[in-house]
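Take the sequence shown: its letters are residues -18 to -1, 1 to 102, numbered as in mature numbering (1 follows the signal peptide of the UniProt record, and there is no 0).
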Amino acid sequence: MYRNISIMLFVLFAVVLGVPASQEEGSTSSSWECRQALSGGANIYCEIFGHSFFRVLHPENGELECDGPTKKVKLPVFVWPPGTKHVFLHSTTRKKPSKTFTQEMKNIKESLKKIGCDIA
C-alpha cells in the first residue's frame, strides 16, 4: 500500500515539476505530448528491467534513466533509431512509434502477469 502511495506522490511531483518546465522558453506543447506518449511505455520498460519507474530520457544516446542501481536502459531501435537527435523525438513522426511502444509494453506487461511474473 505504501509503495502505491509513494508512486502516486512521485507522479504528482513529476507533473508539478513538468508543467513549469514545459512552459520554459524553447518548450512546446508537442514536446510535452511526446514525453507523455513515451512515458507510459518507458515506465513499463524500466519495470521489466527491475526498476520501479522511468526518470529521464537521455536523447543523445536513446537511453532511459530509471530508478535503481544500474539506472540506464537502452530504448529499442524501433523507438530510438541510431543517430536520432533530440529534436526528432518532438516531431510528429515520433508520436506514432512512441504510442506503439507504449501499447507494446502494456501488452508485454499483461502477458507477463498472465504467466505469474510480478512486475510493478
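No residue lacks a Cβ here, since even glycine has one placed at the ideal position from N, Cα and C.
_Identified DSSP bridge partners for Cys48_ = DSSP lists Phe36 as partners of Cys48.
*What residue from Val55, Ile26, Gly23, Gly32 has the CA that sits closest to His40's CA?*
Distances from the alpha-carbon of His40 to those of Val55, Ile26, Gly23, Gly32 put Val55 closest.
*Taking one C-beta from the stretch 31 to 39 and one from the stretch 88 to 98 each time, how about it: are there three or more such pairs within less than 8 Å?*
No, the stretch 31 to 39 is not in contact with the stretch 88 to 98.
*Taking only the alpha-carbon atoms, compute the straight-line gap between Ile26 and Leu57 and give it to the nearest angstrom.*
Roughly 12 Å between the two C-alpha positions.
*Buried or exposed by the 16-neighbour rule on C-beta atoms within 10 Å, applied to Ser21*: Buried, because 16 or more other Cβ atoms sit within 10 Å of the Cβ of Ser21.
*How would you label Phe60, buried or exposed, when you count the other beta carbons within 10 angstroms and need 16 or more for buried?*
Classification of Phe60: exposed, given that the 10 Å Cβ count is below 16.
_In DSSP terms, what Lys95 is bridged to_ = DSSP, once it has assigned bridges, lists no residue as partnering Lys95.
_Collapsed DSSP secondary structure at Lys54 in the structure displayed_ = In this structure, DSSP gives Lys54 an extended state, which the three-state scheme calls strand.
*Kindly list the residues whose CB is nearer than 7 Å to the CB of Thr74, restricted to its own chain and excluding five residues on each side of it in sequence; keep chain order.*
Note that Thr74 has pLDDT 49, beneath the 50 cutoff, so the model's placement of it is unreliable and the number below is only indicative. Excluding sequence neighbours, Thr74 sits near nothing in its chain.
*Below 7 Å CB to CB, which residues in the same chain sit around Ile101 once its five sequence neighbours on both sides are set aside?*
The answer, listed in chain order, is Glu29, Ile30, Lys91, Leu94.
*With DSSP collapsed to three states, give me the class of Glu6.*
Because the pLDDT of Glu6 is 39, which lies under 50, any placement of that residue in the model is unreliable, and the number read from its coordinates should be weighed accordingly. In the three-state DSSP reduction, Glu6 falls in the coil class, being neither helix nor strand.
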